[in-house]
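Q: My structure is below; once you've seen it, I'll send some questions.
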Amino acid sequence: MDDLSVIQAIVNKSKVNQGDMVYISHEDMINIDKLKAKIASDSSEIARLNNIDITLNVVDL
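Our numbering puts the first residue of the sequence shown at 545, with every later residue one more than the last.
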C-alpha cells in the first residue's frame with residue numbers, strides 16, 4: 545500500500561433487530577454527520593499542506 549489511502553464512503557446506517565447493527569438516535573446521527581464533515585475538512589487541509597490536489601466533501605443522500 546502506498547502512503548495515501550482512499551476513503552470511499554462513511555455511511556450512517558442503523559437497524560433494529562436486523563443483524564449486527566444497532567439503533568442510532570437522531571442526535572447521534574447529527575453528531576456523526578458533524579464528525580464526517582470534520583474528517584472531510586481536515587483531510588482536505590492535510591492534502592493541501594502536502595501539495596495534493598484533492599478536496600473531500602460530504603454529500604447527503
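Here a beta-carbon is modelled for each residue, glycine too, at the ideal position from N, C-alpha and C.
In whole angstroms, what separates the C-alpha of Ile574 from that of Lys580?
A: Numbered from 1 along the sequence shown, position 30 holds the residue referred to as residue 574. Numbered from 1 along the sequence shown, position 36 holds the residue referred to as residue 580. Whole-angstrom Cα-Cα distance: 10 Å.
Q: Does DSSP put Asp604 in a helix, a strand or coil?
A: Mapped onto the sequence shown, residue 604 falls at position 60. Coil at Asp604, not helix or strand.
Q: Output yes if chain B places a C-beta closer than 8 Å to the C-beta of Ala584; else output no.
A: Any reference to chain B falls outside this structure, which holds one protein chain only.
Q: If distances are taken between C-alpha atoms only, which option among Ser569, Lys578 and Asn595 comes closest to Val603?
A: One-based indexing of the sequence shown puts residue 603 at position 59. Out of Ser569, Lys578 and Asn595, Lys578 has the C-alpha closest to the C-alpha of Val603.
Q: Measuring alpha carbon to alpha carbon, tell me which of Ser569, Tyr567 and Thr599 ends up nearest Ile585.
A: Position 41 of the sequence shown, counted from the first residue, corresponds to residue 585. With the sequence shown as reference, residue 585 is identified as Ser, and Ile is not the correct amino acid for it. When only C-alpha atoms are compared, the closest one is Thr599.
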